[in-house]
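Undergrad: Here it is, the structure in full.
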Amino acid sequence: MLLGIDIGGTSIKFAVFDNNYEIIHYETCKTPDNTTVKITDEMYRVASIIREKYNFSAVGISSAGVIDNIAMKVISAAPTIKNYVGTNFKREFGDKLGVDVYVDNDVNCVLLGEQWLGCAKGLDEVFCVALGTGIGGAYYLDKLPMGSQFSVGEIGQSVYDFDTETTYEQRASTIALDKKIKTEICDTLNVIDFFELCKQEDAKALKVLDEWLFELARGIVNLFVILDPKYLIIGGAISAQKDYLLNKIEEKVRELNPIKVGKTKFLTATLGNDAALYGAISPFVKK
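Heads up, this note's numbering is the position in the sequence shown plus 178, with the first residue counted as 1.
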């Protein structure tokens, strides 16, 4: 058995996988403030209780931030998790629990999960764009390349706009869309209901969608110029819009630069919120 852990800014998910890699136990806990209670201490507490019933042999960890997956530590992180930089999961968690651990960035884990069991199963070259509070990215070319600073695919800070002093993710993330919806349409309208308006051909909604898609597509076009990937995955909770959103994104990208898009195939993530858990344990799986 294996244990997968997914560390987010508000909650930590734990999933036990049996020998067929099916989830047989699932639970969550609140992410501690990492000041009065350390995240690794809370992970150890919950994992120890789980291990009393499920004798897992290794733990795969998905985490926000830039992760050194050799030293198993956080080397850069957003301010949403305090005191996170320098956290060493091997020393502070794995060694205490007495198991092997693997830790990687959450979007890397999503891509590993999708490449193992999801929409990108068996594909040898894929880029994943994950839309949420920010924009995360991950690149798979027979394996996950590490780069010099373990930050390959970190596209959220790219395409800086000097006029508005904003980054790519500040203009094109799901949160950016939500703010645009509330500012330009209705301050009580959520993203899900917004897409229903779009599907009903509401003029205001379609205008907002088109402007947001333009910002999102700009970043994807730049990505294609550099990497020319065979496949592009759109992930994050917003990918629940499936073909409607995927087709809109592809149309806008091809409109901006039809030559560079070429034969790239656009895909929607299929493993949902469990993708990172599957990806986190995948290095321990004999495929």
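From the three backbone atoms N, C-alpha and C, an ideal C-beta is built for every residue, glycine too.
1. Let's see if you can read the secondary structure: which residues bound the alpha helix (DSSP H) around residue 329?
2. Please classify residue 192: does DSSP put it in a helix, a strand, or coil?
3. Roughly how many whole angstroms lie between the Cα atoms of residue 404 and residue 436?
4. Just to confirm the assignment: which complete alpha helix (DSSP H) runs, minimum length 4, are found wholly within the region 188 to 249?
5. In three-state terms, what does DSSP make of residue 297?
6. Measuring straight from C-alpha to C-alpha, what distance separates residue 266 and residue 457?
7. Given this structure, state the Cα-to-Cα distance separating residue 321 from residue 381, to the nearest angstrom.
8. Leaving aside the five residues before and after residue 426 along the sequence, list all residues of the same chain whose C-beta is less than 8 Å from its C-beta, in chain order.
9. What are the partner residues of residue 283, as DSSP defines its beta bridges?
10. Which residue marks the beginning of the beta strand (DSSP E) containing residue 338, and which one marks its end?
11. At which residues does the beta strand (DSSP E) containing residue 304 begin and terminate?
12. Provide the residue(s) that pair with residue 439 in DSSP beta bridges, ordered along the chain.
13. With a CB to CB cut of under 6 Å and the five nearest residues on each side skipped, what residues in its chain are close to residue 182?
14. Which word fits residue 251, buried or exposed, when buried means at least 16 other C-beta atoms lie within 10 angstroms of its C-beta?
15. Hey, how far is the Cα of residue 287 from the Cα of residue 186?
16. In chain order, what residues of the same chain lie with their CB nearer than 6 Å to the CB of residue 302, ignoring the 5 residues before and after it?
17. For my contact list, residue 410 and residue 307 are in at a C-beta cut-off of 8 Å; report their separation, rounded to the angstrom.
18. Taking the alpha-carbon positions, what's the residue 278 to residue 199 distance?
TA: Reading it off the structure:
1. Careful: residue 329 lies outside any alpha helix (DSSP H) and carries neither H nor E.
2. Under the three-state reduction of DSSP output, residue 192 falls in the strand class.
3. Rounded to whole angstroms, residue 404 and residue 436 show a C-alpha spacing of 15 Å.
4. Those alpha helix (DSSP H) runs which fall completely within the region 188 to 249 and span 4+ residues are 217 to 229.
5. Residue state, collapsed to three classes: coil.
6. Rounded to the nearest angstrom, the two C-alpha atoms are 20 Å apart.
7. Using only the alpha carbons, I get a separation of about 44 Å.
8. Excluding sequence neighbours, residue 426 sits near 387, 391.
9. DSSP output for residue 283 lists 241 as bridge partner(s).
10. Residue 338: not part of any beta strand (DSSP E); DSSP gives it neither H nor E.
11. First-last of the beta strand (DSSP E) with residue 304: 303 to 309.
12. According to DSSP, residue 439 shares a beta bridge with no other residue.
13. Closer than 6 Å at Cβ, skipping near neighbours: 193, 238, 455, 458, 459.
14. Residue 251 is buried by the Cβ-count criterion.
15. One C-alpha to the other measures close to 13 Å.
16. Excluding residues within five positions, the ones whose Cβ falls inside 6 Å are 320.
17. Indeed they touch by this definition, with Cβ atoms about 7 Å apart.
18. For residue 278 and residue 199, the distance between alpha carbons rounds to 17 Å.
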